[in-house]
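According to my numbering, the residues represented by the sequence shown are 86 to 464, in order.
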Amino acid sequence: MNQYRCWAEVDLSALHRNLAWIRKSVGAGVKILSVVKADAYGHGLQQIAAALMHGGTDVFGVANLSEAGSIRRVGAGWPILMLGACLPHEIETAVRDDVRPTISSFGEARLFSVAAQRLGKTVRAHMKVDTGMGRLGIAGPDAEHLLAKVSRLKGLHVEGLYTHFASVEDNAAFSHRQQEQFRLLLKDLSQRGIHVPLVHASNSGGVLLERGSVFNMVRPGLLVYGIIPPGLRTQRIRPNPDLHPVLSWHCRVALVREIPKGTPISYGGTFVAPRRMRVAILTAGYGDGFMRSSNGRSVVLICGRRCRIVGRITMDQMIADVSQTPGVAPGDNATLIGRQGNAEITVCETAGAFGTIPWEVLTGITYRVPRVYLGAHAS
Ligand SMILES: *Cc1c(COP(=O)(O)O)cnc(C)c1O
């Protein structure tokens, strides 16, 4: 037992099993780029990067150069792809540190080419094509012409070509149109004699739902952490016994109180005890990332039972109804995400209560929540 008031447990064996399942599912010969942006989806970048290096990831995907630097400090030699666009003043650092940039325009490509020549390096660039995401990427009709131009720039080697699904978890038809557009471009390029070594499209949803879009690299994020992205299409996928949530989240019971009928609970008195109740004061709040917007919808596990959160969530504390849960005592664990016995609260359930998506729940667990590592290679 640890001494913390609120903490997250990160199971590195689960991470390994998830990566092994993804490997089996996409097949040998397909590279896995593990997405570790935003502190590895809130799991802790350094530990996750080390475990994924052991587990056999091929490439890392990051959102900024400082994340790339953290990975380099864990281990040398792994290719790192920057998934966002580099800012003009970051280009030189990216080139020097050998971070693969994502490039969406000829202007960016030229700046990289200039920097590479100045530094005597070769930039291994991944060109992005916008097939319907509407964020980064060259727009469809210009792509072929632009790629041909870029591939003639000095100091720049087009190592990868990719696109990104906008709603693969929900919309099959739209995702198929995205793929079709991407495939047409690949065909046109190959007719022009332009061959790009790495071609990729699939995020987690793509890996699960679009077998045809695996190409020779995939870019799972959420799936690496053992979570199936929620959506109209993914809800039909059977539970997968080979995937395990890596993170669980816990706090403690600080105090148990009996309160009479009519007692207002927490700020604003938005909840008033409808009867005599027993409540537990818990050591987590929105300062830890337990979102206040979940007022009235959240549950936690205490003594293996689901207990409702009542009244407003405050910065450091919140209040659970334990009237139906005998034996609750100060110091007991309260599980916000994870299992207690047969009871489970998934990150997707929490996301529903918070009115958001699992990605935001995980990346919203704040800095003051220590991550405790379990399983293989934990230290
Ligand atoms: C974040 C990200 C991913 C991973 O998405 P998941 O849905 O978490 O699998 C893949 N590709 C790009 C470009 C991303 O930005």
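Beta carbons: idealized from backbone N, C-alpha and C, even for Gly. Everything numeric in this text was worked out from a predicted model, so none of it was measured.
Identify whether residue i lies in helix, strand or coil by the three-state DSSP scheme.
{"i": "G192", "result": "helix"}
{"i": "R424", "result": "strand"}
{"i": "G154", "result": "helix"}
{"i": "M362", "result": "strand"}
{"i": "H285", "result": "strand"}
{"i": "G396", "result": "coil"}
{"i": "V121", "result": "coil"}
{"i": "N418", "result": "strand"}
Check this for me: beta carbons of residue i and residue j, under 8 Å apart or not?
{"i": "R456", "j": "V95", "result": "yes"}
{"i": "R102", "j": "H329", "result": "yes"}
{"i": "V121", "j": "V299", "result": "no"}
{"i": "A228", "j": "F250", "result": "no"}
{"i": "L274", "j": "L232", "result": "yes"}
{"i": "V338", "j": "L367", "result": "yes"}
{"i": "L340", "j": "T319", "result": "no"}
{"i": "T216", "j": "Q276", "result": "no"}
{"i": "V331", "j": "G306", "result": "no"}
{"i": "A210", "j": "S189", "result": "no"}
{"i": "V214", "j": "L241", "result": "no"}
{"i": "P282", "j": "E244", "result": "yes"}
{"i": "L100", "j": "G140", "result": "yes"}
{"i": "V180", "j": "F191", "result": "no"}
{"i": "V446", "j": "T435", "result": "yes"}
{"i": "A117", "j": "A125", "result": "It should be noted that the sequence gives Ile, not Ala, for residue 117. Cβ atoms of I117 and A125: not closer than 8 Å."}
{"i": "V284", "j": "L271", "result": "yes"}
Among all the DSSP beta bridges, which residues are the ones paired with residue i?
{"i": "K116", "result": "M302"}
{"i": "P481", "result": "Nothing about residue 481 can be read from this structure; the chain reaches only from 86 to 464."}
{"i": "K234", "result": "Paired residues: none, contrary to the question."}
{"i": "V413", "result": "DSSP, once it has assigned bridges, lists no residue as partnering V413."}
{"i": "L367", "result": "V338 and M403"}
{"i": "R391", "result": "L386"}
{"i": "G146", "result": "V120 and L166"}
{"i": "D96", "result": "L459"}
Work out the CA separation of residue j and residue i for me, nearest whole Å.
{"i": "I322", "j": "C433", "result": "14 Å"}
{"i": "P324", "j": "G372", "result": "32 Å"}
{"i": "I442", "j": "G449", "result": "11 Å"}
{"i": "F145", "j": "V364", "result": "45 Å"}
{"i": "L104", "j": "D327", "result": "10 Å"}
{"i": "N301", "j": "I398", "result": "46 Å"}
{"i": "A153", "j": "K234", "result": "28 Å"}
{"i": "G426", "j": "G389", "result": "6 Å"}
{"i": "K346", "j": "R361", "result": "4 Å"}
{"i": "T207", "j": "V184", "result": "11 Å"}
{"i": "G316", "j": "L421", "result": "22 Å"}
{"i": "V309", "j": "G370", "result": "27 Å"}
{"i": "S260", "j": "G112", "result": "22 Å"}
{"i": "A414", "j": "C336", "result": "13 Å"}
{"i": "R393", "j": "S252", "result": "33 Å"}
{"i": "G412", "j": "W444", "result": "35 Å"}
{"i": "S351", "j": "R304", "result": "43 Å"}
{"i": "I387", "j": "N256", "result": "38 Å"}
{"i": "E175", "j": "M86", "result": "44 Å"}
{"i": "S151", "j": "P359", "result": "52 Å"}
{"i": "R108", "j": "G437", "result": "30 Å"}
In the region 426–463, which residue ranges form an unbroken alpha helix (DSSP H) of at least 4 residues, counting only runs that do not cross its ends?
Look at the region 426–463 and you find these whole runs of alpha helix (DSSP H), each 4 residues long or longer: 432–439 and 443–448.
Please specify which runs of the beta strand (DSSP E), each continuous and at least 3 residues long, are wholly inside the region 194–273, giving them in chain order.
Within the region 194–273, the complete beta strand (DSSP E) segments of 3 residues or longer fall at 208–215 and 241–247, listed in chain order.
4 or more residues per run - each alpha helix (DSSP H) lying fully within the region 163–190
Segments of the alpha helix (DSSP H) lying fully in the region 163–190: 176–181.
Which parts of the region 314–349 are runs of the beta strand (DSSP E), unbroken and 3 residues or longer, counting only runs that do not cross its ends?
List check, beta strand (DSSP E) in window: 332–344.
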